[in-house]
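The structure appears below as structure tokens.
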Amino acid sequence: MRTLRSQMDLDKLSQTAVPVDAPIPAPHRTFLDILRCPVCKSVPSLQPNKLVCRQCRRAYPIVLGIPDLRVYEDPLIPLEDDYRKGEKIQAQAERLNFVELVRYYWSLPTYPPTPPDLSERFIRHVLTDEQRIEGYKDKIGRGGSFLDMGCGTAALVKVAQQSFRFTVGCDVAFRWLLIARKRLLEAGLQPNLVCCCADFLPFPDGYFDSVASVSLLEHVSETGAAIHPRNGTSYQARQQHLCVDGEPIFTRARTARPGVGSWLYASALDARLHQMEAGNGL
Ligand SMILES: [Zn+2]
44 MRTLRSQMDL DKLSQTAVPV DAPIPAPHRT FLDILRCPVC KSVPSLQPNK LVCRQCRRAY
104 PIVLGIPDLR VYEDPLIPLE DDYRKGEKIQ AQAERLNFVE LVRYYWSLPT YPPTPPDLSE
164 RFIRHVLTDE QRIEGYKDKI GRGGSFLDMG CGTAALVKVA QQSFRFTVGC DVAFRWLLIA
224 RKRLLEAGLQ PNLVCCCADF LPFPDGYFDS VASVSLLEHV SETGAAIHPR NGTSYQARQQ
284 HLCVDGEPIF TRARTARPGV GSWLYASALD ARLHQMEAGN GL
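Residue numbers (the numbering used here): 44 to 325.
In structure tokens:
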């Protein structure tokens, strides 16, 4: 059972984030306005570099321009290492393009070390995301607002901006959101990205018209909790679409609480990749 990080831990770690010289994109105000405290769902107040919930007295840092509303860290990497990698990525984000930034990420040390052929495979996987999305992009529908839960490098968020007026990507992996932002900025799109936990979503109930989740469930240890978030959020999208690597596995259902069985699926390739990722402490 995971334990929640103490507020002191989060404050301390966010303060130790070393500023980088390059200008850091600020989150858009209209995006910040939709964020809620992931624990009590109150509207947080915006203060310099953080969002503060007066109701439950929690503060959520905005680190390198990314609101971090996690209540626990990425299970694959300690919080401080997540931030440190994020800083390194952001420091390179101005001078490298998206492809180069993905390659740079995989040049950083991992524990245990990732064999070069495996790194190449991970890079290829990220760089071909948009091709795979072509296979199911029509399934996510169209409308006002769209959320990609577990967005990784935001390939689907990018594509969804063709069909939705407002798109958001969220992920528990802080470091990957900096690469995601590069993808969106490079495409001239507004990067509405937030770091958060799938079972503690920081959004108003029922806010999104469509929610997608690609290759998320392999990462969620408490799958039931992710499907029925314990803070009452639930995925109250009017449509939900769950796809794994190009294969839609749950589409156009109009219920906020689908049967667990219909969510538990992963393509063999994808499951294997994620097992390898987990084994390499990414
Ligand atoms: Zn709160």
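Glycine residues also receive a C-beta, built at the ideal position from the N, C-alpha and C atoms.
- Relative to ligand 1, even the nearest heavy atom lies 8 Å or more away from the CB of Gln233.
- In this structure, DSSP gives Tyr103 an extended state, which the three-state scheme calls strand.
- Of the heavy atoms belonging to ligand 1, at least one sits nearer than 8 Å to the Cβ of Gln98.
- Its chain contains Ile77 and Arg79 as the residues whose beta carbon lies nearer than 7 Å to that of Pro247, once the 5 sequence neighbours on both sides are disregarded; these appear in chain order.
- DSSP places Gln135 within a helical segment (H, G or I) once states are collapsed to three.
- When Cβ pairs closer than 8 Å are counted between the two stretches, the segment 152 to 172 is seen not to touch the segment 125 to 139, the count staying below three.
- When rounded, the separation of the alpha-carbon atoms in Thr196 and Gln204 is 15 Å.
- Under the DSSP assignment, Arg164 falls in the alpha helix (DSSP H) whose first and last residues are Pro159 to Leu170.
- The three-state secondary structure of Phe246, taken from DSSP, is coil.
- Its Cα nearest to that of Leu144, the residue Leu227 stands out among Leu227, Pro104 and Val257.
- For the pair Phe189 and Val254, the CB atoms are nearer than the 9 Å cut-off.
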